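Comments concern the structure below.
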Amino acid sequence: MSGYAWPPRSDDPGYRTYLFDQVAIDDLHRLEVAREHGAYKTLERALAEIKPEEITATVKSSGLRGRGGAGFPCGLKWTFMPKFDEPRPRFLAVNADESEPGTCKDRVLIRERPHLLIEGILLTTYAMQCRAAYIFIRGEYETEARVLQAAIHEAYANHLAGKNVLGSDFSVDIHLTRGAGAYICGEETGMMEALEGRRGHPRPKPPFPAAAGLWQKPTTVNNVETICNVPKIVEHGAEWYHEMGTEKSPGNVLAGISGHVKQPGVFEVPLGITARELIYDPKFGGGILGDRELKAFIPGGSSAGFLPASKLDVAMTHDDLKEAGTMLGTASVIALDETASIIRATRVIADFYHDESCGQCSQCREGTGWLAQILRRIEHGQGQPDDLDTLLDLCANMKGKTICVLSDAAAWPVELALEHFRSEFEQAIQRARPAVAMSSGQEL
Amino acid sequence: MDTQNTDTPNKGTPNKGESPLPPERVEWWRKRVTHFPEARAVLLPLLHDLQDHVGCLTREALRWAADFVGITPTEVYGVATFYWMYEYEPRARRQIAVCHNISCDLRGKDQVLEAIRDELGLAPGQRKTDDGEWSLRTVECMGSCTTAPMMAINGEYFENLDPAKTRAILEEIRSGKHELPASPETFAPHPEVVTTYEHEEAKA
Amino acid sequence: MTDTTQATQVTTIVVDGVEYTAPLGGRLFDFLHEIGKDIPHFCYHPGLSVAASCRQCQVESKGKGPRPGCIVSCRERIVEGMEILTESEAAKTARRGVMEFLLMNHPLDCPICDKAGECMLQDTAYETGQNEGRSHEPRRHLPKRKSLGDTILLDNERCILCTRCVRFFEEVTGDSQLTVADRGDRSVLTTFFDEPLTGDYQGNIVDLCPVGALTLKKFRFESRVWFLEETKAVCGMCSRGCNTIVETRDGNVLRIRPRHEPEVNGYWMCDHGRLDFDLFNLTENEGRLLEHAHDDQGRLVACTRDEALTTLASCIALDESPIAALLSPWATNEEGQAFLDAWTAIAELMSHEVRFGFLDPVGSGTEDELLRTSEAAPNARGLAELGLERIPPKAFLSGLAEHKNVLLFGFGLDELLPDVCKVALKAATNFFFHGFNLGHFHFVKVALPALSPLEKSGYWTNIDGRRQYTRAALRGPAGVTPDAELFTEIAKQVANAHAVMSTAGSTAQPGVAQPAGGEA
């Protein structure tokens, strides 16, 4: 099994894969087909032979880090849950809200391998002895929701979910809730609010979900891809997992490549691969459209902001990208070639955060709109000489002082665009049609 | 003269009369509500169902939903308006959503919008055709970044578009050759869940 | 909800370089307030849950305890080793940053906004010192004069989405009438499809609103707040005794708002007490009784106080039929004592029955789950505790026929006894009215003007037995005798008249003024 790409490719990538390995198999979303290919064998063994704490210990030693964008060590997060003798019910909240621009990999897993996700959910809830798993899927993923709901019903019908899973003492419910369109519901506490039937307003932390999550009960929130890593980790062990990726970023990741590449797609790759490889290697992006020059790339979804082509050899790991001034995020690479306008791209992304801000915090509510307005003016030839300083100052005031990091995520792309492509902005402002100089900025 | 207002405050009015949903659907929701510690947890999916049935979220539908889950209509309104997928005016028969975020913008979403404008006379920004057949809006990232540009029509994704493909798809839908899907919710019988919760609400 | 954390332990923390003993687990914002550091804030209110969304109350933490950097003091709990800087560069920059974001779309309405002078946004903007905005962008426009019913006007442009009002209806009245709709900078405060607000506590959201987004229709454009004189009073509309501030200008009440009193009304008051004050303003209340009057051959004519009292005293003294004297439950404890003393003395003098007490207000008001009691008057309990008899309205009305002379004393009886007139006209009773609005009482023998509750100071004992002092916010009209003094004077005059009558034999006629000769 050597599948590594979506849409499926027939070539062998030359390395081990475990997420997309089976992705080309027809009807894998159906239980009997999935079972033919090994689904739920690990669960069966775990329920019979492995204690819940051991599962957590294995996932912790594996070094698996969250794949939703924050990269928090997964097993460590599981240990934050209260001890099993604590009477409050525990929940797993599964984050299928995937809405980070550039990101479309959970979607493939849900639609093509729902039973991998369900097995992962069962192992995860078993490890933490949860009463139920509540999956929150973005409302726009209608096809995926239909497939997943059917798979959940199959699981219940076959004693894989519900009372006494596979005849064991372990019982757990799995519920699927569809969202209705808000990126901020991908933030773990925003998601819990939406699951509770409220506006998706992130909650101030502390308390963290493990202390007070869904309905104020201990909850762990995990991303779809993260959970899909669990069955193989449990099957093969932590050392097996460390054979892939890097020391601090072990395992494979589903990297999306989009934008100005010849072969956009989602690829399962070992962490540590370079951006250059992802964009240019014929196995993956296959190079820039029309063989043009790369101008900039986004390494991890829009929140990661822009890097110049000179940084192509950065390794796609959490630490390397952090050092490069950005982040791994969702490992969704977006390539911009020489014809792209960084100003326009920054504005498009700023529009996104403006649209998606929940509106609670003053800096984010007004700042996301302000950033977009300034960028739009610059884009349309109405930039003012103080715009760039204002942008950076606004970004500084938007970071680190809000309930959640959407405000920071709105600031990073602007800061990085100005750090690496300032001259493009300056030229646009210098070329601007002369606007009435407003010394005070006050509209009367 | 006493300013005291003795009107019943804005609690949901008890549901006398018909619900916007057929009885078997209401029964399905009554059971669904027991899967959550609070009745209002079904609100987002319930509003989707109401919208699919009624056509949009009318005042009556919102009131009914409020009473069903045990909160005020004002609260339901606040929740619903947070999310872009709910509408409050009757919708067009076919609603087109074109992503205008970064990957789609880089891969030609403008040309898709132009093709829609040429084919249907709908300009980006103009919401509905005169006959109420088609509507168009641009939306944020839909998760089709590697299959960009895209459009979703009544929820169904059409990806890897170019102007010709766009026009062809619109024509197929218009001519009836392609049928758009119904609601994604299957409303299959509930599985036998382990834990249920009793609620005072959702008895209406 | 009010923070009821009973912090039994203390710890030492450092604020701006000074060590303090602080309650472990207490709220940082509240503690800073206690030590005299008032941090700018909007969404935080001690009577509501914490939202922590406006981000204005930021201070800098130096790392022990909460993470280093700027933190919002409304949410932060005091921990050991806490080190806080309230005026560091980082804290000031953070707060100035928030203010700039709040102001960039805020309309410059101050010159026409009722909130000017008591506006938290104004005050904080002044403190943070950024005089000029640097935004080149056009401001956002939203509805500006949205009626939310009879009481409240909403200006969405001014709203800074602090959600205090939303939380008030969620947590205090429990009817969630307001919500934020949409999201981001398209957020708008709204009711359900613009339906009007209902309920009896709407005015509190105007107190809560830190800006001029929610305003009282009644107070709109009435006055600049710095011209208002404040008096600490107690509301008399029911026996809760909500603590209030009565605000007057040039002898008129323009606004009443609640005063925080955790034992009685918390931070709130009802709309009846807040808004129904027009009758206390002379300019609004043309029907108010301002002159003394007595009956002259079937007509009520103006006279002097002495003439009125003489008529009253002689009627009482000469007549041998039963007398009933009823005191309004609005009377203060001092007035009640004077009434009790006066009528005890009169009763001793008279050979016939003299019955006196106060009108029982139980059932005259509409009780609710929050503040309002079933008594539409402030001091039934206080008067009862003095030993005055509590007389229910039904008993009083049915007993009217048995008493030849009936005296009604004090503001409020006319409203509490709307049926008296009907019954009185049928009975052959002499009525003596001391009160506020003569209304239908034109058939009385003597009319004496009374002070309103806002024109006198004294103690009322509320429904829970709490004695509270209300202070006069207005000066009474000239020539109106304070109640207690009047009661004492009546007793004196009745004693005089009785003495004269006794010495003069029975030549004196009831109801006719006797010359004030000789004996006093």
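Chains as they are written, first to last, in numbering that gives the first Met the number 0: chain S, 0 to 443; chain P, 0 to 203; chain A, 0 to 519.
Even for Gly, the Cβ is constructed at its ideal location relative to N, Cα and C.
From a predicted model like this one, the values you see are computed outputs, not experimental measurements.
(request) In the DSSP assignment, find the beta strand (DSSP E) that holds residue 141/P and state where it starts and stops. (result) Careful: residue 141/P lies outside any beta strand (DSSP E) and carries neither H nor E.
(request) Give the secondary structure of residue 151/A by DSSP, where H, G and I count as helix, E and B as strand, and everything else as coil. (result) The answer is strand: DSSP assigns residue 151/A an E or B state.
(message) If you follow the alpha helix (DSSP H) that residue 140/S is in, where does it begin and where does it stop?
(response) From DSSP, residue 140/S is part of no alpha helix (DSSP H); its letter is neither H nor E.
(request) Return the residues of the region 122-156 of chain A that lie within a Cβ-Cβ distance of less than 7 Å from chain S, sorted by chain order. (result) Residues of the region 122-156 of chain A with a C-beta less than 7 Å from any C-beta of chain S: 131, 132, 133, 134, 135, 136, 137 and 138, listed in chain order.
(request) Tell me the start and end of each unbroken beta strand (DSSP E) in the region 201-263 of chain A that is at least 3 residues and wholly inside, in chain order. (result) If only complete runs of 3 or more residues are kept, the region 201-263 of chain A shows the beta strand (DSSP E) at 213-215, 228-233, 242-248 and 251-257, in order along the chain.
(message) In this structure, how does DSSP classify residue 116/P when only helix, strand and coil are distinguished?
(response) Residue 116/P falls in the helix class under three-state DSSP.
(request) Could you have a look at residue 379/S and say whether DSSP puts it in helix, strand or coil? (result) When secondary structure is reduced to three states using DSSP, residue 379/S falls in the coil class, being assigned neither helix nor strand.
(message) Let me see if you follow: with CB-CB separation under 7 Å, is residue 89/S close to chain P or not?
(response) Residue 89/S does not count as touching chain P.
(request) Take residue 461/A as the anchor and find which of 379/A, 69/A and 179/A has the nearest alpha-carbon. (result) When only C-alpha atoms are compared, the closest one is 379/A.
(request) Enumerate, from N- to C-terminal direction, the unbroken beta strand (DSSP E) stretches of 3 or more residues contained entirely within the region 53-136 of chain P. (result) As far as the region 53-136 of chain P is concerned, its whole beta strand (DSSP E) runs of at least 3 residues are 93-98.
(request) Work out the CA separation of residue 377/A and residue 238/A for me, nearest whole Å. (result) Put simply, the backbone Cα of residue 238/A is about 4 Å away from that of residue 377/A.
(message) With a threshold of 7 Å between beta-carbons, can residue 36/P be considered close to chain S, or not?
(response) Residue 36/P counts as touching chain S.
(message) Would the region 98-105 of chain P count as touching the region 44-59 of chain P if we require 3 or more Cβ pairs under 8 Å?
(response) Put simply, the region 98-105 of chain P does not touch the region 44-59 of chain P. Fewer than three CB pairs are less than 8 Å apart.
(request) Go through its chain and collect everything with a Cβ distance to residue 107/S's Cβ below 6 Å, but skip five positions before and after it. (result) Within the same chain, 5 and 265 come within 6 Å of residue 107/S by CB-CB distance, once the 5 residues on both sides are set aside.
(request) Out of 416/S, 419/S and 394/S, point me to the one whose CA is closest to residue 407/S's CA. (result) Comparing C-alpha distances from residue 407/S to each of 416/S, 419/S and 394/S shows the shortest one belongs to 394/S.
(message) Going by DSSP in three states, residue 1/S sits in which element: helix, strand or coil?
(response) The answer is coil: DSSP assigns residue 1/S none of H, G, I, E or B.
(message) Extract the residue ranges of the alpha helix (DSSP H) inside the region 87-120 of chain A, only unbroken runs of 4 or more that lie entirely within it.
(response) If we require 4 residues or more, the alpha helix (DSSP H) runs fully inside the region 87-120 of chain A come out as 88-102.
(message) Would you call the region 492-503 of chain A in contact with the region 304-323 of chain A, where contact means no fewer than 3 C-beta pairs closer than 8 Å?
(response) With the cut-off at 8 Å, the region 492-503 of chain A and the region 304-323 of chain A touch.
(request) Could you please tell me which residues of the region 249-264 of chain S, in chain order, have their CB closer than 8 Å to any CB of chain P? (result) Listed in sequence order: 255, 256, 257, 258, 259, 263 and 264.
(message) Whole angstroms are fine: how far does the CA of residue 443/A sit from the CA of residue 279/A?
(response) Looking at the backbone, the Cα of residue 279/A and that of residue 443/A are separated by about 23 Å.
(request) Mind the definition here: the region 251-270 of chain A touches the region 359-379 of chain A only if three or more C-beta pairs lie below 8 Å; say whether that holds. (result) Judged by Cβ distances under 8 Å, the region 251-270 of chain A makes contact with the region 359-379 of chain A, as three or more pairs qualify.
(message) Rounding to the nearest angstrom, what Cα-Cα distance links residue 295/A and residue 303/A in this structure?
(response) Between the alpha carbons of residue 295/A and residue 303/A lies a distance of about 13 Å.
(request) Confirm, please, whether the CB-CB distance from residue 446/A to residue 603/A is below 7 Å. (result) The structure shown does not extend to residue 603/A, since chain A spans only 0 to 519, so no value can be given for it.
(request) Within 10 angstroms of the Cβ of residue 86/S, are there 16 or more other Cβ atoms? Answer buried if so, exposed if not. (result) Burial call: exposed.
(request) Enumerate in chain order the residues of its own chain whose CB-to-CB distance from residue 252/S is below 6 Å, with the five nearest sequence positions on each side excluded. (result) The answer, listed in chain order, is 270 and 330.
(request) Output, in chain order, the set of chain S residues within a Cβ distance shorter than 8 Å of residue 69/A. (result) Under the 8 Å cutoff, chain S gives 399 and 400.
(request) Measure the C-alpha to C-alpha separation of residue 402/S and residue 357/S and round it to an integer number of angstroms. (result) Computed Cα separation, rounded: 11 Å.
(request) Have a look at residue 500/A and residue 318/A and give me their C-alpha separation to the nearest angstrom. (result) Distance between the alpha carbons of residue 500/A and residue 318/A is about 10 Å.
(request) For the region 225-258 of chain A, enumerate the residues whose C-beta is nearer than 8 Å to any C-beta of chain P, in chain order. (result) Within the region 225-258 of chain A, no residue has a Cβ that lies closer than 8 Å to any Cβ of chain P.
(request) Would you please state the rounded distance, in angstroms, between the beta carbons of residue 382/A and residue 326/A? I believe it to be under 8 Å. (result) In this structure, residue 382/A and residue 326/A form a Cβ contact; the two beta carbons are roughly 7 Å apart against a cut-off of 8 Å.
(request) Give me the Cα-Cα distance between residue 325/S and residue 410/S, rounded to the nearest whole angstrom. (result) So the two alpha carbons sit approximately 12 Å from each other.
(message) Quick check on residue 451/A - is its C-beta less than 7 Å from some C-beta in chain P?
(response) Any Cβ of chain P closer than 7 Å to the Cβ of residue 451/A would place that residue at the interface, and such an atom is absent.
(request) Report buried or exposed for residue 39/P, applying the criterion of at least 16 other Cβ atoms within 10 angstroms of its Cβ. (result) So residue 39/P counts as buried.
(message) Using a Cβ-Cβ cutoff of 8 Å, what residues of the region 119-147 of chain P are near chain A? List them in chain order.
(response) Using a CB distance below 8 Å, no part of the region 119-147 of chain P faces chain A.
(request) Give the residues of chain S in contact with residue 149/P, contact being defined as C-beta atoms less than 7 Å apart. (result) Counting only Cβ-Cβ distances below 7 Å, residue 149/P has no contacts in chain S at all, with the closest Cβ about 10 Å away.
(request) Could you pull out every residue in the same chain whose Cβ sits closer than 6 Å to the Cβ of residue 60/S, ignoring the five residues on either side in sequence? (result) Here the set comprises 237.
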